[in-house]
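Chemist: Sequence order for the protein chains is Z and R. Residue 6 is where the first sequence starts when you use this note's numbering, and the numbers rise one by one after that. Residue 6 is where the second sequence starts when you use this note's numbering, and the numbers rise one by one after that. Glycine residues also receive a C-beta, built at the ideal position from the N, C-alpha and C atoms. All values derive from a computational prediction rather than experimental measurement.
There are 2 protein chains.
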Amino acid sequence: MSRGTRIFNQGDEGVRAHAVIEGGVRISQTGSDGAQVVLRFVGPGGIFGTVALFTDGRYPADATALSDTFEASWSEPELLDLMERYPQIAISTIRVVGRRLQEVQDRVRELATQRVEQRIAHALVRLAKQFGHSTTAGTAIFLPLRRKDVADISGTTLHTASRILTGWERAGLLVSQRRRLTIRDPSELLQIAEEAID
Amino acid sequence: MSRGTRIFNQGDEGVRAHAVIEGGVRISQTGSDGAQVVLRFVGPGGIFGTVALFTDGRYPADATALSDTFEASWSEPELLDLMERYPQIAISTIRVVGRRLQEVQDRVRELATQRVEQRIAHALVRLAKQFGHSTTAGTAIFLPLRRKDVADISGTTLHTASRILTGWERAGLLVSQRRRLTIRDPSELLQIAEEAID
DNA sequence: CGTAAAGTTGACATACGTCAATTTCAGTGG
DNA sequence: CCACTGAAATTGACGTATGTCAACTTTACG
């Protein structure tokens, strides 16, 4: 599956549960007014599209391949059957979904109470934790992220995201090359993220 | 349980699953900086605190009684045992949590892309759907909501919320009495909520 | 009936979005 | 391998929605 391919679209039926084997996927949502937010990124080993199986049977978001990607998927009956026979699978799914719910709730609080700079910092720290691997230059996030992606995951415009990221690059906090971000020191970003508003 | 009582606090251990029998509960979250958001309100028949059982065993939010409230609760072993024996309970829990996840994701999109006025309108429409009952004056929301509650669920300040609600009251869109809101016509609010930004 | 909580309202400050013009980059085809 | 072309990114100027601060009024409840 090549870069930019839509794996599924918001509203599609025939929902399946997916897992990323290799590459990366962007899960985003588009409102009736066309405004877009990125809900999350999924890397190797991550699952997506699972929740829709248990709600209305339509995907609530779009999934797009960020780079060349391999993925596997299961149909609803396969998964339900598995859960009936092995309740632990269902229980661990609740765990996964529950954790995600808490993450999204944290984002709601951030969006409601923090400034853009802090939200971007938080987003990068989270991405570094999830997708980062250490290099001599710092923690590299191996997903290809456009400014627009960073903006959409932080709830801002690509202009503001661009200004802030360029500022950080000038200050030596990170390096941005060919859509790959390398964070010199995540704890510096964390400090920005936690800064009081006053 | 009388008005204002804390049912549990963010970070508390000894998590139990709760259900509201009578009254109303506000689920809110406080950030390290003291800023607050309301995640949702729970009315009779609603359950809360369930997700924490499956994640880290600590409540991720505060629960406060909005009015005099009766509630029931179950311990973790009781619920897990039930789910082991009746997988359908686990599966339907995924359904409930999944729906909530989608709602929170919608709010993320709203916070990221809409103006305060639209967000408040949406919040009221949702509350009317969930907690409203028809009266001659319109749809009455039977939960006691302070301006601060409306603000915290819409991601704004009580000042801005006050201005907007007072404006709507002047325009005859709603009546606000003793912390009870009555919406003359929800579709008018929906129209405000859907207004393009342009 | 008094006191504290809740709500209103005005003046002002600012973070951020919008608009628009350029520049840089990345991938394709010759 | 290089030129070409559309996508991505940068940057400045400017407007405004919304937060902040502060004073005041109204309401709720012991």
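1) So if I threshold CB-CB distances at 7 Å, which residues from the segment 147–169 of chain Z count as touching chain R?
2) Any chance the segment 92–110 of chain Z sits against the segment 74–92 of chain R, with 3 or more Cβ pairs inside 8 Å?
3) Per DSSP, what are the beta-bridge partners of V47/R in this structure?
4) Measure the beta-carbon distance from A70/R to G28/R and round it to whole angstroms, keeping in mind my assumption that it falls under 8 Å.
5) Going by DSSP, what residues sit across from W79/Z in a beta bridge?
6) Between Q224/R and chain Z, is any beta-carbon pair separated by less than 8 Å?
7) What residue from D190/R, V42/R, S159/R has the CA that sits closest to E174/R's CA?
8) Closest Cβ-Cβ distance between T36/R and chain Z: below 8 Å?
9) Under 8 Å: do the segment 19–35 of chain R and the segment 143–163 of chain R share three or more Cβ pairs, one atom per stretch?
10) Taking 8 Å as the threshold, find out whether the segment 133–145 of chain R comes into contact with the segment 99–108 of chain R through three or more Cβ pairs.
11) When the distance is taken between beta carbons, is I169/R closer than 8 Å to E76/R?
12) Taking the straight line between their C-alpha atoms, what separation do you get for V180/R and T118/Z?
13) Kindly list, in the order they appear in chain R, the residues whose Cβ is closer than 7 Å to that of I197/Z.
14) Give the range of the alpha helix (DSSP H) segment to which L210/R is assigned.
15) Note down, in chain order, every chain R residue with its Cβ under 7 Å from the Cβ of G103/Z.
16) Where does the unbroken alpha helix (DSSP H) through D111/Z begin, and where does it stop?
17) Excluding sequence positions up to five away, which residues of its chain have a Cβ less than 6 Å from the Cβ of R124/R?
18) Out of L163/Z, A142/Z, G54/Z, which has the shortest C-alpha to C-alpha gap to R152/Z?
19) What three-state label does DSSP hand Q15/R in the structure shown?
20) Only counting the same chain, and skipping five residues up and downstream in sequence, which positions put a Cβ closer than 6 Å to that of T144/Z?
21) Give the straight-line distance between the Cα atoms of I99/Z and S7/R, rounded to the nearest whole angstrom.
22) When the distance is taken between beta carbons, is V109/Z closer than 8 Å to V113/R?
23) Counting only C-beta atoms, is R63/Z closer than 8 Å to chain R at any point?
24) Provide the residue span of the beta strand (DSSP E) that contains G143/R, from first to last.
25) Assign G35/R to one of three DSSP states: helix, strand, or coil.
26) How is A176/Z classed by DSSP in three states: helix, strand or coil?
27) What are the residues that DSSP puts in a beta bridge with D67/R?
28) Whole angstroms are fine: how far does the CA of F53/Z sit from the CA of E81/Z?
Modeler: Answer, in terms of the structure:
1) G160
2) yes
3) V30/R
4) 6 Å
5) A22/Z
6) Here chain R covers residues 6 to 203 and nothing more, so residue 224/R does not appear.
7) D190/R
8) Going by the sequence as given, residue 36/R is Gly instead of Thr. Answer yes: the Cβ-Cβ gap between G36/R and chain Z drops below 8 Å somewhere.
9) yes
10) no
11) no
12) 28 Å
13) Result: empty, since nearest Cβ-Cβ is about 13 Å, beyond 7 Å.
14) Nothing in the structure corresponds to residue 210/R, since chain R is present only between 6 and 203.
15) V56, F59, T60, V102
16) 92–118
17) E115, S159
18) L163/Z
19) coil
20) A133, G137, I188, P191
21) 32 Å
22) yes
23) no
24) 143–146
25) The amino acid occupying residue 35/R in the given sequence is Thr; Gly does not appear at that position. Three-state DSSP puts T35/R in a strand.
26) coil
27) S33/R
28) 13 Å
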